[in-house]
Every structure is written in C-alpha cells, then in structure tokens.
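What follows is one structure encoded as structure tokens, with my remarks underneath.
There are 2 protein chains.
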Amino acid sequence: MVRPGGRSARVQAAVHTAVRELLAETGRDGLTVPMVAQRAGVTPSTVYRRWGDLQELLSDVAVERLRPDTAPSDHGDLRRDLTAWAEQFLDEMASPAGRAYVRDALLGDPDGGNAGRCSAYAAEQLDTVLARARERGQRPPGVEEAMDRVVAPLMYRILFRPDGLDAAYAGRLVADLLGT
Amino acid sequence: MVRPGGRSARVQAAVHTAVRELLAETGRDGLTVPMVAQRAGVTPSTVYRRWGDLQELLSDVAVERLRPDTAPSDHGDLRRDLTAWAEQFLDEMASPAGRAYVRDALLGDPDGGNAGRCSAYAAEQLDTVLARARERGQRPPGVEEAMDRVVAPLMYRILFRPDGLDAAYAGRLVADLLGT
DNA sequence: CGACTAACGCAAACCATTAGCTTTTATGGC
DNA sequence: GCCATAAAAGCTAATGGTTTGCGTTAGTCG
Numbered sequence: 006m007v008r009p010g011g012r013s014a015r016v017q018a019a020v021h022t023a024v025r026e027l028l029a030e031t032g033r034d035g036l037t038v039p040m041v042a043q044r045a046g047v048t049p050s051t052v053y054r055r056w057g058d059l060q061e062l063l064s065d066v067a068v069e070r071l072r073p074d075t076a077p078s079d080h081g082d083l084r085r086d087l088t089a090w091a092e093q094f095l096d097e098m099a100s101p102a103g104r105a106y107v108r109d110a111l112l113g114d115p116d117g118g119n120a121g122r123c124s125a126y127a128a129e130q131l132d133t134v135l136a137r138a139r140e141r142g143q144r145p146p147g148v149e150e151a152m153d154r155v156v157a158p159l160m161y162r163i164l165f166r167p168d169g170l171d172a173a174y175a176g177r178l179v180a181d182l183l184g185t
Numbered sequence: 006m007v008r009p010g011g012r013s014a015r016v017q018a019a020v021h022t023a024v025r026e027l028l029a030e031t032g033r034d035g036l037t038v039p040m041v042a043q044r045a046g047v048t049p050s051t052v053y054r055r056w057g058d059l060q061e062l063l064s065d066v067a068v069e070r071l072r073p074d075t076a077p078s079d080h081g082d083l084r085r086d087l088t089a090w091a092e093q094f095l096d097e098m099a100s101p102a103g104r105a106y107v108r109d110a111l112l113g114d115p116d117g118g119n120a121g122r123c124s125a126y127a128a129e130q131l132d133t134v135l136a137r138a139r140e141r142g143q144r145p146p147g148v149e150e151a152m153d154r155v156v157a158p159l160m161y162r163i164l165f166r167p168d169g170l171d172a173a174y175a176g177r178l179v180a181d182l183l184g185t
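Just so you know, the sequences run in chain order B and A.
For the first sequence, the numbering used here assigns the number 6 to the initial residue and increments by one for each residue that follows.
For the second sequence, the numbering used here assigns the number 6 to the initial residue and increments by one for each residue that follows.
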C-alpha cells in the first residue's frame with residue numbers, strides 16, 4: 006500500500022528542497038546524506054530507507070528539475086517553433102548546472118525509469134510543436150525522427166563532447182531535419 | 006612530475022585487472038575499494054589517492070574496456086561497412102554489460118575526459134570506414150554527420166530508452182544517412 | 001653514485017551507512 | 001467519530017568504508 010499523503014509527502018518535499026538548497030549553496034562536492042537530512046529536519050535513516058542512496062536521491066531531484074514547466078512557445082511557424090525549442094533545450098541542458106542534472110538523472114537510476122522520464126518530457130514537448138504544425142495543415146516529421154535528429158545529437162554532445170555546442174548547431178540540426 | 010614507469014605502472018595494472026576480475030566474478034553490487042585493493046595486493050589508501058573514488062576507478066576501467074581493439078571490418082562497400090559497424094556497436098553497447106560500462110565511463114568523470122575519449126573512439130572507427138569509401142572514389146558523408154545521425158541516436162536510446170533497439174533500427178539509421 | 005621527491009604502506013580517526021527496534025501517524029472499517 | 005492496522009519515521013548502536021598524517025620505499029635526475 007502506498008501512502009502519498011500527509012507526513013510522507015511533507016518529508017519528501019522537505020528533503021527535495023533541502024537538496025536543491027544545498028546544491029545551490031555549497032555545490033555538490035562534499036554533499037552527504039546526513040547533511041541533507043539535517044537541513045530537511047529528518048533523520049538520515051529515513052533518507053536511506055526511501056531513496057537508498059545519495060545518487061538515487063539526486064536522480065529524483067534532477068528529473069523533477071528537468072521537467073519542463075511550460076509548453077513550447079508558439080511562433081506561428083514549425084521551423085521557428087522547433088528552432089526556438091531546440092535552442093532553449095540546449096541552453097538549459099548544456100550549462101554546467103544542466104549537465105550536472107542530466108548526469109545525476111542518468112546516474113542513480115537502476116531501472117532506467119528516470120532516464121525514460123526525461124526522454125518522455127522531450128518527446129512530449131516535440132509532439133506539441135509537431136501537432137501544432139499538423140493543425141496548420143503542414144506535414145511535419147514524426148516525433149521519433151525529430152528525437153533522432155535533434156534531441157539525440159544534442160544530448161550526445163552534451164554528455165560526450167561538451168565543446169563547440171551553440172545555438173547555431175541546434176539550428177542546423179533543425180534545418181537538416183526539415184530539409185533545406 | 007609524473008612517473009609512468011616502475012612501481013606505479015605495476016600498481017595501476019594490478020588494480021585494473023583486480024577490478025575486471027571482481028566485476029566478472031561477483032558483479033558490481035557490493036564492490037568496494039578495500040575489496041579491489043586486497044585483490045590487487047595494495048592498500049586501500051593507495052587506490053583512494055590515485056583514483057579518489059570507486060566511481061573514477063570504474064570509469065577508468067570502463068573506458069579501457071570500451072576502446073575498440075580492432076579496425077572495422079571491410080566489406081568492400083560503404084553501406085555494408087557502416088551497417089556492420091553500427092550493428093556491432095549496438096551489440097556491444099546495448100547489452101546489459103555494455104550499458105553498465107557506458108554508464109560507469111560517464112559517471113566517475115568529473116572533467117569529461119573519459120567521455121570524450123569514448124566519443125573519439127567511435128569517431129576514429131567511423132573515420133576509417135569513411136576514408137575507405139573515399140579511396141574507392143565515393144563521396145561519403147563527413148564524420149560529424151555520421152556521428153550525429155548514427156552514433157548519437159544509438160547512444161541516446163541506449164542511455165534513455167533501452168527498449169526497441171535492434172539491428173534493424175541501426176540499419177535504418179545508416180540507410181537514412183546515406184540516402185535511399 | 002647520491003640527493004630528491006613522487007608514490008606507497010601503515011595505522012589511527014572519522015563519519016557515512018546499515019540494522020534492529022520503538023514510536024508516530026495515515027488509512028480503512030466499524 | 002473511534003479503533004485497529006500497518007506504513008513510514010525516529011532513535012541508537014555497530015559496522016566498515018573513507019580520510020588523514022607520517023614514515024618508508026623506490027623511480028628519476030644531476
């Protein structure tokens with residue numbers, strides 16, 4: 006039986022905000038579970054029992070942080086919509102903080118559930134943009150194709166080759182996807 | 006000053022083989038630095054001082070493991086070369102063991118050096134295949150394009166969406182890259 | 001051959017982690 | 001509205017991974 010309400014929810018919220026505050030204040034080096042627990046007004050054993058590990062806790066917080074809080078902006082045109090979204094995506098993910106969040110999300114994720122969630126967020130955003138284009142009577146590419154040709158290259162470079170990433174590159178990916 | 010020869014090299018080799026043996030025997034769960042140190046005939050403090058962390062040590066070993074030990078096979082045709090290479094890449098990386106290595110390589114990698122090395126391995130392999138095609142008088146795509154359209158989608162799915170990955174998908178990526 | 005110093009061994013101290021048990025408090029039935 | 005139940009948190013002690021300081025070994029260079 007699961008207990009989503011009451012004390013459990015309060016503890017979860019307190020721990021999450023404690024992690025975010027400590028990440029912002031002192032950074033990630035030297036961050037420990039007892040530290041988080043004290044800030045959250047909770048005993049360390051509680052954190053260990055619910056999350057099992059500092060990495061899993063960080064992964065949870067990271068996924069929450071990587072969830073887009075707003076629908077992609079509408080510029081009235083598929084290419085502009087996609088370009089704007091890709092540039093914003095790159096901005097958020099390629100910053101040092103963003104890369105740390107992405108890595109954390111991948112890291113403490115035994116079953117791959119959090120990683121899948123991150124991917125689903127991006128797919129959802131893309132789907133919104135593409136559906137918009139279809140409503141305008143256009144024939145945009147499918148979500149899978151957009152994931153392969155825009156999101157995947159961006160994420161690959163963010164993780165493996167963080168040099169030479171800029172808005173122009175994101176724009177080229179979109180242009181290549183849509184055809185010249 | 007760095008001291009690549011003599012005792013240091015012996016210690017490095019002993020620790021690396023100890024890690025590989027223990028990974029093969031008991032798996033990764035419950036693997037600890039003292040365990041590795043004992044197997045390697047070394048004190049734990051030595052490992053901590055040189056690698057700083059179990060994750061960084063695992064990252065080092067993983068990168069060494071992910072380095073291709075042979076040039077891509079030559080089938081006399083660009084499309085067949087690329088397809089075969091992509092399928093082999095997927096085979097190695099998408100297996101549970103392969104995914105674990107990739108994650109380890111990304112994980113304990115503060116400066117991104119190990120991740121960059123992994124990417125360079127793939128680029129090198131691709132470059133060999135593409136150069137071969139040029140020597141045959143063909144006009145193959147550039148390495149960057151091949152990375153974006155084959156390696157990146159494969160790796161993205163390996164990390165974020167491990168379902169529905171098979172040789173056919175790798176073949177489609179190559180076909181899309183080369184044009185129908 | 002001898003001085004220098006990076007790297008290792010050793011051992012003690014520290015602290016994150018785990019485990020067993022008790023207490024609190026959502027939750028559902030009467 | 002009240003009680004029974006059990007999930008989740010608090011508490012404490014014990015384990016063992018991690019850090020640290022210091023003495024020793026052994027590459028490296030003059």
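We put the beta carbon where it would ideally sit given N, CA and C, even for glycine.
Apart from the five residues just before and just after residue i, which ones in its own chain have a Cβ nearer than 7 Å to its Cβ?
i             : result
residue 154/A : 178, 181 and 182
residue 110/A : 64, 67, 68, 71, 119, 120 and 123
Pick from the options: whose alpha carbon is nearest that of residue i?
i             : options                       : result
residue 92/B  : 103/B, 172/B and 11/B         : 172/B
residue 4/B   : 176/B, 61/B and 145/B         : Not covered by the structure: residue 4/B. The range shown for chain B is 6 to 185.
residue 161/A : 104/A, 145/A and 184/A        : 104/A
residue 55/A  : 87/A, 16/A and 67/A           : 16/A
residue 13/B  : 47/B, 167/B and 115/B         : 47/B
residue 132/B : 90/B, 32/B and 58/B           : 90/B
residue 115/B : 108/A, 120/A and 115/A        : 108/A
residue 145/A : 68/A, 124/A and 83/A          : 83/A
residue 165/A : 149/B, 167/B, 175/B and 123/B : 123/B
residue 149/A : 129/A, 167/A, 28/A and 35/A   : 129/A
residue 151/B : 142/B, 136/B, 140/B and 58/B  : 136/B
residue 33/A  : 66/A, 11/A and 143/A          : 66/A
residue 28/A  : 101/A, 11/A and 184/A         : 101/A
Considering only residues of the same chain and omitting the five flanking positions on each side of residue i, which have a CB-CB separation below 6 Å?
i             : result
residue 70/B  : 106
residue 127/A : 156
residue 99/B  : 163 and 170
residue 38/A  : 49, 52 and 59
residue 97/A  : 103
residue 35/A  : none
What is the DSSP secondary structure of residue i, counted as helix, strand or coil?
i             : result
residue 100/B : coil
residue 130/B : helix
residue 78/A  : coil
residue 222/B : No information on residue 222/B is available, as it lies outside the stretch 6 to 185 that chain B covers here.
residue 121/B : helix
residue 31/A  : helix
residue 22/A  : helix
residue 158/B : helix
residue 46/B  : coil
residue 170/A : coil
residue 143/B : coil
residue 36/B  : coil
residue 176/A : helix
residue 181/B : helix
residue 116/A : coil
residue 54/B  : helix
residue 108/A : helix
residue 12/A  : helix
residue 72/A  : coil
Give me, in chain order, the residues of the same chain whose beta-carbon lies closer than 8 Å to that of residue i; leave out the 5 immediate sequence neighbours on both sides.
i             : result
residue 112/B : 60, 63 and 64
residue 80/A  : 86 and 89
residue 175/B : 88, 91, 92, 94, 95, 155 and 159
residue 167/A : 99 and 104
residue 143/A : 83
residue 147/B : 135
residue 139/B : 145
residue 141/A : 83
Is the segment 66 to 79 of chain B close to the segment 152 to 171 of chain B, with three or more CB pairs under 8 Å?
no
Measuring CB atoms only, is the segment 9 to 26 of chain B touching the segment 41 to 59 of chain B, in the sense that at least three cross pairs come out at less than 8 Å?
yes
Three or more beta-carbon pairs under 8 Å between the segment 22 to 31 of chain B and the segment 39 to 49 of chain B, yes or no?
yes
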